[in-house]
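S.K.:
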Amino acid sequence: MPKLLIDDREIEVPEGMTVLQAAELLGIEIPVFCYHPKLSIAGNCRMCLVEMDKSPKPIASCAMPACEGMVIRTQTPMVQKARKGVLEFLLINHPLDCPICDQGGECDLQDITMAYGGDASRFELNKRAVPDKEFGPLIETAMNRCIQCTRCVRFATEIAGVTELGAMGRGEDMEISTYVQKAITSELSGNMIDICPVGALTSKPYSYRGRPWELSHTPSIDVFDAVGSAIRIDTRGREVMRILPRQNDAVNEAWISDKTRFAYDGLKYQRLDQPYARGKDGRLSPVSWDDAFGIIVDHLQHIPGDHVGAIVGDMADAEAMVALLDLMKAMGSPHIDCRQEGIESESGPRCSYLFNTTLAGIERADFCLLVGTNPRWEAPIVNARIRKNYLYTGLPIALVGPFHELGYPVDFLGNDPLVLEGILKGKHPICTALKNAQHPLMIVGQGALRRDDGDAVLDVTRRIADKYGFIKKVQSQSRDSWNGFNVLQIAASRIAGLELGFLPGPKGYNVKGMLNAARRKKIEAIYLLGADEIDMSAFKSTFVIYQGHHGDRGAAFADVVLPGAAYTEKSGTYVNVEGRVQRGLNAIVPPGEAKEDWKIIRELSGKLGLELPYNTIEEVRERMMEINPLFDGIDQIRPASWVDFGKAGSISPEPFHPVIQNFYMTDSISRHSVTMAKCVQEILKLDKRIADHD
Amino acid sequence: MNEKSEVFVFSKENEDRVQEIISRYPEGRQASAILPLFELAQRQNGGWLPKSAIEKITEMLGLPTIRGYEVATFYTLFNLEPVGKYHIQICGTTPCMLRGSEDLKRVCKKHLKIDCKETTKDGLFTLNEVECIGACVNAPVVQINDDYYEDLTEESFLALLKDLKAGNPVTPGSALGRQGSAPLEKETSC
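If you read the protein sequences in the order shown, they are chains R and D. For the first sequence, the numbering used here begins at 1 and goes up steadily by one. For the second sequence, the numbering used here begins at 1 and goes up steadily by one.
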C-alpha cells in the first residue's frame, strides 16, 4: 500500500487509488468537473491540477495513481494559478446566463469559480454558439453551457448501457450529441441531469419552476419499484417540486429511475382529497368523514366478520398494513392478502421471496441467470448493478424468458419454462458454466411466478440453486457466505406485507379466492388499501371500501372512498427487495381532507367498536416490531436462512409473459403523470428494439 | 451531415482489402481498424464518407454507431459532405500564410467562384482551408486529392486549376521545378 504526502500530511492508501481520492480521504478538497466517483476517469477538464514534487508541470490528480513517496501540494501559488487559468478558459465559451439558468444555485461551475476563479475575463471576441439538442421529454438542453466534461457520455455508455451519446467534433467545436436527433432510450436518463456539473442538461418538467434555495428537502424512500431507492423530496409550500436521488451505496448508489424521478407530477392530478360515497343514483358524491365512516359501520354491522376481505396494493406502507391487519383480525376475517395480482404460490420461507444476494452482492457474482424477468423495467437499479458487474468482470448472463434489450449482452436460452427442467437435469449446454461458477446468481422474476404453475417454477429454480451450488452454506454474515438465489419483487409494499404476515389466515381466501367468493356472495364487503390492479368486475354486488390517494381503477368501483396519503405525504416504513427495512419521511401534508392511512384505519376501528390499541405512529411501529422484530432494524438486512420451499409440480410449456408492459405507467401515480405520458409517446415509440420483440 | 439512406457496401475488390485490414490487428483489438476502413470507404465513395458507411463499418467492427460518428467528426481528413472531383485543401497556417496562401484563396474565389467549404456548380472543385500539412519549406502548399502542389504563386496556381479543369495532365510537387526542397540555383551550404 503506497504511502504519500499530501500538503505535508502522510496517508497510506490501497493500491490503485488516485491522488484525488487520497486527498479526499484526508479531507482536502480538490475542485473537479469531469471526475465522478461512479464513472470511469476521463481527465479532460484539468480542474484537478495539483503540484507534484519532481514534476515540472502540474498533474491531473483525478487520473494519477497514488504512488509510494509522492509529495503532493494542493495549495501552492502554482496550483492556484493553474485553477484560475483553467476556469478562465472554461468561461471563455460558457455563457454568463446564471440568472436564467436552472442550475443556478447548485452549479459546480458557479461554486468553483466563486472559490477558485479569477475576477474577470480577458476574452473579448464572441463566445461560440452551440445548437441545442433534442434529448426527449425528460432532459432540457442548453448546449452553450456545456463544458465538455463528458460525464453524460460516460454515464450513458457505462451505467445506462445505451451508447447513444457521443462527443462530436474536436477542440472548440466539440459538441455533445446523439448525432441523429432522438430521445435517450434509457430508464436512467434523468441521472444525467444530476451529474451534469453545469446547466447544459436540466430537468425538462422542472424547467423554470423553482430555485434550489426555495426548496425544502426531505429524505425519503421510493415506492415505484421494490428496490426502495433513497430519494430526496424537494418541496416548496405544499407542492412537490422535484425528486432527486440520495446516495446509498447499498441500494441505489447515486442513481434513480426516470419513473422515480419524474412521475411526481401524477401526485397533482386525480387526487382523492375528501371522502366519497355512492349515492342512490349510483354516483360517487362528496361526504364528510363522519358520514363515510357511518356508511361503512352501517354496512359492516350486517355482515359477518368472515364475509369481509382486505387486499393491499403495491405502494402501501407497513404502518397502514399492520393497522388493517389488526382490524381484520379484530373483525374475525382470515381473508387478507397483500399480493393483489393474485399470485398463486403460497408464501414460503423468507429465502423464497427475498433478493438474498443483496443488491451490492450482485457485484460479486460470476454468472447470472435471469428467469422470466426484465430487470431493465422491473428494477432499473438492479439492471444497472448487473451491467456494472458485466462492465468490470465481463459477467456472463443467460436469460430464460421473454427477450428484451437489457443494455448488456445476454445468452438468450429461449422463452421456454421447460429449459429450466433441462438445466436441472444437467442436459443444457449452460450447465458447464453453472458448475464452474464460484458465485452464481439467479434472479427469478414475477413473470415466472405469476402464473398457475408458479409454485412448480419456484421449485425447479430452487432445485437448480441447490444443485449448482448457488448457496454456499458458510456461517451467515461471513464474507465467504453466498446465496445466489433471488426473487425480484416489483411492488414496494410486498416484502413488508409478507414479513407482517398480511396473508390469508386459516381457511382464508387469497385474492383469487376472494374474487370468486365475491361472485358467490361469500365475500360481501371488501377493503381495498390502494389496490387498483385487480379484476373489479367481481365486486358488482360487494360493498367496496377503497382507501387510497388516487381516483383510479379501485376508486371508480368503490361504494365508499376514503382519501389516504401518497408516499410523499406520510412517514412510512418500507421493506425493499433484499429485506432492508427503510423509513421515509413526509415532505408535505396530504391534500384537502385526506389523512395518513394508518390513522384512517385506526379511526374506523373506533367507530366499529373494535378500537386498535395504538394512538401514535410510534405505537404502530412498536406493534410492527412485536409482529416481526425485523422492523426494529432500520436500514438493516437480516439474511434469510436457506430452507426448502416450493411444491413440485409439472411446468406448462406456456412461455413466460412480461409483467410490465409499459415501464412508464405501472401504478395509480404514474398513470396520472403528464411527464410519464410523454415518455410513453416519445421514448417507447422510439425504442424499436422493444417493439420488435413484443 | 448528408443523409444517404441506402446501405453502404464495399466493392468486390475492397471487400478483400477490408478483411486484410481487419486481420492486421490482434484479437480483441479489431476496433482499431476503424481509421483505415473509413479511409477505404471514403476513397471508394468519391472522396467523402456517408453516414451509411459509418454505420456499416461500426457494425462490422462491433462498435456502437455513435463511436464511429465521434471518430469521423474528430478527424478533418474525413469529408462528411460530398466533395468535388478535385478537393483543394489550401494550407492556411503561418508559414504558408506569410508566403501567400491568402492570394491562392482569392484565385479560387475569382476564377472558380467558390469560397471555403463550397463546391463548384460543375462538381469539379471543392475548396477547404486546412491547418499545417507539413510542407512549410515549400510554402505556400495546396493539397489536391492525394498530391501536394508546392511553391505556388497566383499565376502557377491558376494555370494548375485550368489544367485540371481541362483534364490536362499535371505534375505534383514544386511549381518552380526544384527537387524536393533543394535550393533553387546552387547549394548554399557545404
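Note that beta-carbon positions come from the ideal geometry of N, C-alpha and C, so glycine has one too. Only a predicted model underlies this, so the values are computations on that prediction, with no experimental measurement involved.
Quick one: give me the first and last residue of the beta strand (DSSP E) that residue 221 of chain R is part of.
M.R.: As a position in the first sequence, residue 221 of chain R is number 221, starting the count at 1. 216–221 is the span of the beta strand (DSSP E), which, as asked, contains residue 221 of chain R.
S.K.: What do you get for residue 392 of chain R, buried or exposed, if any count of 16 or more other CB atoms within 10 angstroms of its CB means buried?
M.R.: Along the first sequence, read from residue 1 onward, the residue named residue 392 of chain R stands at position 392. With fewer than 16 Cβ atoms within 10 Å of its Cβ, residue 392 of chain R is classed as exposed.
S.K.: Is DSSP giving residue 68 of chain R helix, strand or coil here?
M.R.: By one-based count along the first sequence, residue 68 of chain R stands at place 68. Residue 68 of chain R: coil per DSSP, three-state reduction.
S.K.: Return the first residue and the last residue of the beta strand (DSSP E) that residue 91 of chain R is part of.
M.R.: In the first sequence, the residue the question calls residue 91 of chain R occupies position 91. Premise fails: residue 91 of chain R lies in the alpha helix (DSSP H), 77–93, not in any beta strand (DSSP E).
S.K.: Leaving out the 5 sequence neighbours to the left and right, which residues in its chain are closer than 8 Å to residue 67 of chain R when beta-carbon positions are compared?
M.R.: What you label residue 67 of chain R is simply residue 67 of the first sequence in a count that begins at 1. Here the set comprises 2, 4.
S.K.: How is the beta strand (DSSP E) around residue 234 of chain R delimited, first residue to last?
M.R.: Looking up residue 234 of chain R in the first sequence gives position 234. Here the beta strand (DSSP E) through residue 234 of chain R covers 230–236.
S.K.: For residue 419 of chain R, list the residues DSSP reports as bridge partners.
M.R.: By one-based count along the first sequence, residue 419 of chain R stands at place 419. Beta-bridge pairing links residue 419 of chain R to no other residue.
S.K.: Which residues in chain R sit within 8 Å of residue 67 of chain D, going by Cβ to Cβ distance?
M.R.: On the second sequence, position 67 is the one that residue 67 of chain D refers to. Near residue 67 of chain D (Cβ distances below 8 Å), the residues of chain R are 163, 166.
S.K.: Just the Cα atoms here: how many angstroms apart are residue 51 of chain R and residue 23 of chain D?
M.R.: As a first step, residue 51 of chain R is located in the first sequence; it is residue number 51 there, counting from the start. As a first step, residue 23 of chain D is located in the second sequence; it is residue number 23 there, counting from the start. About 44 Å.
S.K.: Would you mind telling me which residues of chain D sit closer than 9 Å to residue 348 of chain R, beta carbon to beta carbon, in chain order?
M.R.: Within the first sequence, numbered from 1, the residue matching residue 348 of chain R stands at position 348. Those within 9 Å of residue 348 of chain R in chain D number zero; the least Cβ separation is about 43 Å.
S.K.: Counting only C-beta atoms, is residue 73 of chain D closer than 8 Å to chain R at any point?
M.R.: As a working note, residue 73 of chain D is residue 73 in the second sequence. So yes, residue 73 of chain D belongs to the interface.
S.K.: Which runs of the alpha helix (DSSP H) spanning at least 4 residues fall entirely within the stretch 288–359 of chain R, listed in chain order?
M.R.: 289–301, 318–331
S.K.: State buried or exposed for residue 353 of chain R, treating a residue as buried only when at least 16 other CB atoms are found within 10 Å of its CB.
M.R.: In the first sequence, counting from the first residue as 1, residue 353 of chain R sits at position 353. Classification for residue 353 of chain R: buried.
S.K.: Grab me the residues of residue 291 of chain R's own chain with a C-beta within less than 8 Å of its C-beta, minus the 5 sequence neighbours each way, in chain order.
M.R.: Locating residue 291 of chain R in the first sequence gives position 291, where the first residue counts as 1. These residues qualify, in order along the chain: 275, 277.
S.K.: Taking only the alpha-carbon atoms, compute the straight-line gap between residue 63 of chain D and residue 120 of chain D and give it to the nearest angstrom.
M.R.: On the second sequence, residue 63 of chain D is found 63 positions in, with the first residue counted as 1. On the second sequence, residue 120 of chain D is found 120 positions in, with the first residue counted as 1. Distance between the alpha carbons of residue 63 of chain D and residue 120 of chain D is about 36 Å.
S.K.: Using 8 Å as the limit for Cβ to Cβ distance, is residue 136 of chain R near chain C?
M.R.: You won't find chain C in this structure, because its protein chains are R and D.
S.K.: Using the Cα positions of residue 135 of chain D and residue 73 of chain R, report the straight-line distance between them to the nearest angstrom.
M.R.: Taking the first residue of the second sequence as 1, we reach residue 135 of chain D at position 135. Taking the first residue of the first sequence as 1, we reach residue 73 of chain R at position 73. Taking the straight line joining both Cα atoms gives about 44 Å.
S.K.: Which value, in whole angstroms, describes the spacing of the CA atoms of residue 376 of chain R and residue 463 of chain R?
M.R.: Counting from one through the first sequence, the residue named residue 376 of chain R turns up at place 376. Counting from one through the first sequence, the residue named residue 463 of chain R turns up at place 463. If I take the Cα positions, the gap works out to 26 Å.
S.K.: Any chance the stretch 186–201 of chain R sits against the stretch 77–97 of chain D, with 3 or more Cβ pairs inside 8 Å?
M.R.: The answer is no - the stretch 77–97 of chain D does not touch the stretch 186–201 of chain R, with fewer than three Cβ pairs under 8 Å.
S.K.: Taking the C-alpha atoms as reference points, what is the distance between residue 46 of chain R and residue 14 of chain R?
M.R.: Locating residue 46 of chain R in the first sequence gives position 46, counting from the first residue. Locating residue 14 of chain R in the first sequence gives position 14, counting from the first residue. The alpha-carbon atoms of residue 46 of chain R and residue 14 of chain R are separated by roughly 24 Å.
S.K.: What three-state label does DSSP hand residue 17 of chain R in the structure shown?
M.R.: Sequence index remark: in the first sequence, residue 17 of chain R carries index 17 (1-based). Secondary structure at residue 17 of chain R: coil, using DSSP grouped into helix, strand and coil.
S.K.: Any beta carbon of chain R sitting closer than 8 Å to that of residue 55 of chain D?
M.R.: For the purposes of this step, residue 55 of chain D is identified with residue 55 of the second sequence, where counting begins at 1. Taking Cβ atoms only, chain R never reaches closer than 8 Å to residue 55 of chain D, which makes this a no.
S.K.: Runs of 3 residues minimum, wholly inside the stretch 530–566 of chain R: which ones carry the beta strand (DSSP E) assignment?
M.R.: 543–548, 560–563
S.K.: Could you give the uninterrupted runs of the beta strand (DSSP E) lying entirely in the stretch 577–623 of chain R, keeping only those of 3 residues or more?
M.R.: Entirely contained in the stretch 577–623 of chain R, the beta strand (DSSP E) runs reaching 3 residues are, in chain order, 581–584.
S.K.: In three-state DSSP terms, what is residue 241 of chain R?
M.R.: In the first sequence, residue 241 of chain R corresponds to position 241, counting from 1. The answer is strand: DSSP assigns residue 241 of chain R an E or B state.
S.K.: Rounded C-beta distance between residue 143 of chain D and residue 89 of chain D? I'm assuming under 8 Å.
M.R.: Within the second sequence, numbered from 1, the residue matching residue 143 of chain D stands at position 143. Within the second sequence, numbered from 1, the residue matching residue 89 of chain D stands at position 89. At roughly 4 Å, the Cβ-Cβ gap stays under 8 Å, so residue 143 of chain D and residue 89 of chain D are in contact.
S.K.: Going by the CB atoms, is the gap between residue 638 of chain R and residue 630 of chain R shorter than 8 Å?
M.R.: Translated into the one-based positions of the first sequence, residue 630 of chain R becomes position 630. Translated into the one-based positions of the first sequence, residue 638 of chain R becomes position 638. Yes; because the gap between Cβ atoms is below 8 Å, this pair is in contact.
S.K.: Could you check which residue in R/187, R/8, R/185, R/164 has the C-alpha nearest to that of residue 176 of chain R?
M.R.: Residue 176 of chain R sits at position 176 when you count from the first residue of the first sequence. Of the listed residues, the one whose Cα sits closest to residue 176 of chain R is R/164.
S.K.: From residue 689 of chain R to residue 408 of chain R, what distance separates their C-alpha atoms?
M.R.: Counted from its first residue, the first sequence places residue 689 of chain R at position 689. Counted from its first residue, the first sequence places residue 408 of chain R at position 408. Legend: pLDDT at residue 689 of chain R = 45, less than 50; position of this residue unreliable, value from coordinates given subsequently. Separation of residue 689 of chain R and residue 408 of chain R (C-alpha to C-alpha, rounded to the nearest whole angstrom) is 13 Å.
S.K.: Any residues in the stretch 178–208 of chain R with a beta carbon nearer than 9 Å to a beta carbon of chain D? Which ones, in chain order?
M.R.: From the stretch 178–208 of chain R, only 178, 179, 180 have a Cβ closer than 9 Å to chain D.
S.K.: In chain order, what residues of the same chain have a beta carbon less than 7 Å from the beta carbon of residue 166 of chain R, not counting five sequence neighbours either side?
M.R.: For the purposes of this step, residue 166 of chain R is identified with residue 166 of the first sequence, where counting begins at 1. Counting only Cβ-Cβ distances below 7 Å, and skipping sequence neighbours, we find 153, 177, 179.
S.K.: Find the nearest neighbour of residue 308 of chain R within the set R/489, R/222, R/513, judged by alpha-carbon distance.
M.R.: In the first sequence, the residue the question calls residue 308 of chain R occupies position 308. Checking every option, the nearest Cα to that of residue 308 of chain R belongs to R/513.
S.K.: Which one of R/127, R/319, R/65 has the shortest CA to CA distance from residue 500 of chain R?
M.R.: Taking the first residue of the first sequence as 1, we reach residue 500 of chain R at position 500. It is R/319.
S.K.: At the level of alpha carbons, what is the spacing between residue 524 of chain R and residue 299 of chain R?
M.R.: Position 524 of the first sequence, counted from the first residue, corresponds to residue 524 of chain R. Position 299 of the first sequence, counted from the first residue, corresponds to residue 299 of chain R. Cα-Cα distance, rounded: 10 Å.
S.K.: Out of D/15, D/172, D/71, D/11, point me to the one whose CA is closest to residue 32 of chain D's CA.
M.R.: Counted from its first residue, the second sequence places residue 32 of chain D at position 32. The option with the nearest alpha carbon to residue 32 of chain D is D/71.
S.K.: Measuring only the C-alpha atoms, how far is residue 187 of chain D from residue 62 of chain R?
M.R.: The residue labelled residue 187 of chain D in the question sits at position 187 within the second sequence. The residue labelled residue 62 of chain R in the question sits at position 62 within the first sequence. Residue 187 of chain D and residue 62 of chain R: Cα-Cα distance of roughly 54 Å.
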